[in-house]
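Take the sequence shown: its letters are residues 1 to 87, numbered as in UniProt numbering. All C-beta atoms in this analysis are idealised placements derived from N, C-alpha and C, irrespective of residue type, glycine included. What follows is a single structure, written as structure tokens, with notes after it.
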Amino acid sequence: MSDHTKNQESYWQANVRLITGCLIIWALVSYGGGMIFRPLLSGISVGGTDLGFWFAQQGSILTFILITFFYAWKMNRLDQEFGLDEE
1 MSDHTKNQES YWQANVRLIT GCLIIWALVS YGGGMIFRPL LSGISVGGTD
51 LGFWFAQQGS ILTFILITFF YAWKMNRLDQ EFGLDEE
């Protein structure tokens, strides 16, 4: 296997790990915070409502936006690491 192919494979594996991590975090916040952990979060008040409801309504959307910016930032660093950045 050539060095170029190994580099492509390493880049792809790093990209898939990043995507998987982002999706797991998003699933935990949106599904876990809004449904699974809601009874545990019901005693905490945020903006006049309980934290579980807040996660279901706004938290998952805000988390998605933050993850999108984090993914773009991390992919730029990954591109630089593998020499694929846009000079």
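| Check | Outcome |
| --- | --- |
| Chain C contact for Glu9 (CB, 8 Å cutoff) | As a matter of chain content, chain C is missing from the structure shown, which is built from one protein chain. |
| Given Ile67 as reference, the closest of Ser30, Gly47, Gln8 once Cα atoms are compared | Ser30 |
| Endpoints, alpha helix (DSSP H) assigned at Phe37 | Premise fails: Phe37 is in no alpha helix (DSSP H) and is neither H nor E. |
| Reduced DSSP secondary structure (H/G/I, E/B, other) of Ser30 | helix |
| Continuous alpha helix (DSSP H) stretch holding Gly52: start and end | 51-54 |
| Proximal residues to Asp79 (C-beta, below 7 Å), its chain only, five neighbours per side dropped | Asp85 |
| Residues bridged to Val16 [DSSP beta-bridge criterion] | DSSP lists no partner for Val16. |
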